[in-house]
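Undergrad:
Number of protein chains: 2
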Amino acid sequence: MDRTTIEDAIFPDCPIRNILARLCDKWSLLVLYTLNKAGKEPIRFKELQREIPDISQKMLTVTLRTLEEDGYVTRTIYPEVPPRVEYALTERAYSLLPRINALIAWALENRDPIMKDRKAFIGKSRN
Amino acid sequence: MDRTTIEDAIFPDCPIRNILARLCDKWSLLVLYTLNKAGKEPIRFKELQREIPDISQKMLTVTLRTLEEDGYVTRTIYPEVPPRVEYALTERAYSLLPRINALIAWALENRDPIMKDRKAFIGKSRN
DNA sequence: AGCAATAGTTACATTTTAGTAAGTATCTGA
DNA sequence: TCAGATACTTACTAAAATGTAACTATTGCT
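Chains A and B, in that order, give the protein sequences.
Convert by adding 135 to the 1-based position in the first sequence; the result is the number in the numbering used here.
Convert by adding 135 to the 1-based position in the second sequence; the result is the number in the numbering used here.
1) Less than 8 angstroms separating the beta-carbons of I249 of chain B and I154 of chain A?
2) At a CB-CB cut-off below 7 angstroms, which residues of chain B make contact with L231 of chain A?
3) Just the chain B side, please: which residues come within less than 7 angstroms of I249 of chain A by C-beta, in chain order?
4) For the segment 233-251 of chain A and the segment 180-196 of chain A, state whether three or more C-beta atom pairs, one from each stretch, are separated by less than 8 angstroms.
5) Taking P233 of chain A as the reference, give the member of A:P188, A:K172, A:P150, A:F146 with the closest Cα.
6) Does the beta-carbon of S163 of chain B have 16 or more other beta-carbons within 10 angstroms, so that it is buried, or is it exposed?
7) Which bits of chain A does N245 of chain B rub up against, with CB to CB less than 8 angstroms?
8) What does P150 of chain A reach in chain B if we use C-beta pairs closer than 7 angstroms?
9) Return yes when the Cβ of P188 of chain A is within less than 8 angstroms of the Cβ of I151 of chain B, no when it is not.
10) What in chain B is Cβ-close to Y168 of chain A, meaning under 8 angstroms?
11) What are the boundary residues of the alpha helix (DSSP H) that includes V197 of chain B?
12) List the residues of chain A whose Cβ lies closer than 9 angstroms to the Cβ of L195 of chain B, in chain order.
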């Protein structure tokens with residue numbers, strides 16, 4: 136659970152290094168996006184797994200814990216059997232999500248030309 | 136130079152996995168931000184290094200190449216001695232940057248409460 | 001008694017990413 | 001002749017992130 140990664144001593148206040156770097160891993164954006172897509176209703180662990188079928192149980196746990204740590208999601212445990220744990224987005228997440236969605240929309244709009252450039256670059260670098 | 140990372144076979148069209156994932160590494164956002172900060176004038180390799188003092192030469196090269204590959208920066212070599220290589224942002228980068236800057240601004244605004252939550256979480260998890 | 005269900009944890013292995021240090025090329029100026 | 005400048009590349013190492021598989025707990029159901 137030690138995801139201190141890029142908390143550099145040189146730039147302890149840099150918002151990129153401190154805040155954004157933690158969202159920049161393999162799963163965080165995807166989990167936030169998926170929770171948001173589900174609407175305002177909280178969503179269970181298992182359901183999240185179904186939505187992101189290639190995430191491992193461990194990484195879903197780790198990702199959710201990190202998001203909780205930074206206050207993007209809440210975790211509510213219902214002491215039932217079998218256990219029920221629900222995850223919901225916080226106000227902080229809702230204030231961030233428009234920015235993330237703008238980024239996703241941009242990525243979608245620009246995906247094809249980017250992919251083209253990416254492929255073309257192979258030839259270029261072999262020159 | 137094989138940064139295919141999260142190009143998952145399951146979701147080959149996902150903009151998060153394909154486009155954003157490549158910007159989500161330790162240095163890409165910082166390099167884009169730094170190039171942008173410098174204004175519209177191109178900037179030399181060495182100068183970028185001075186602006187981001189803790190990036191290694193190798194990672195600056197790798198990061199710039201990936202950004203070039205996806206069409207965010209151009210690389211212009213001037214055959215002088217000592218060599219001069221200038222990097223500049225493309226139109227694509229300029230269309231992306233407002234979104235990134237919005238994210239950075241959000242991160243800056245929310246940094247203090249997030250850091251607070253992050254610290255408080257330690258105690259919570261030991262309960 | 002034994003299995004199913006959910007939401008984990010843990011130890012371990014693998015993969016990916018990043019850092020280090022040395023080497024390359026070329027010309028200039030002391 | 002030899003250091004200095006720039007922009008790299010390369011081989012190697014270290015560290016971090018992620019994946020895998022097994023294990024935990026509890027209760028209801030058959």
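Ideal placement from N, C-alpha and C gives every residue a C-beta, glycine not left out.
TA: Once the coordinates are examined:
1) For I249 of chain B and I154 of chain A, yes; Cβs fall inside 8 angstroms.
2) Result: W241.
3) Residues of chain B passing the Cβ test: I154, D205, G206.
4) Taking 8 angstroms as the limit for Cβ pairs, the verdict is that the segment 180-196 of chain A does not touch the segment 233-251 of chain A.
5) Residue A:K172 is the option with its Cα nearest to P233 of chain A.
6) It counts as buried.
7) Proximity of chain A to N245 of chain B at the Cβ level (cut-off 8 angstroms) is accounted for by I154, R227, S230, L231, in chain order.
8) Within 7 angstroms Cβ-Cβ: I239, A242, L243, R246.
9) No, these two residues do not count as a Cβ contact at 8 angstroms.
10) Those within 8 angstroms of Y168 of chain A in chain B are I151.
11) Per DSSP, V197 of chain B is one residue of the alpha helix (DSSP H) stretching across 192-204.
12) Taking the beta carbon of L195 of chain B as reference, no residue of chain A falls within 9 angstroms; the closest one sits roughly 16 angstroms away.
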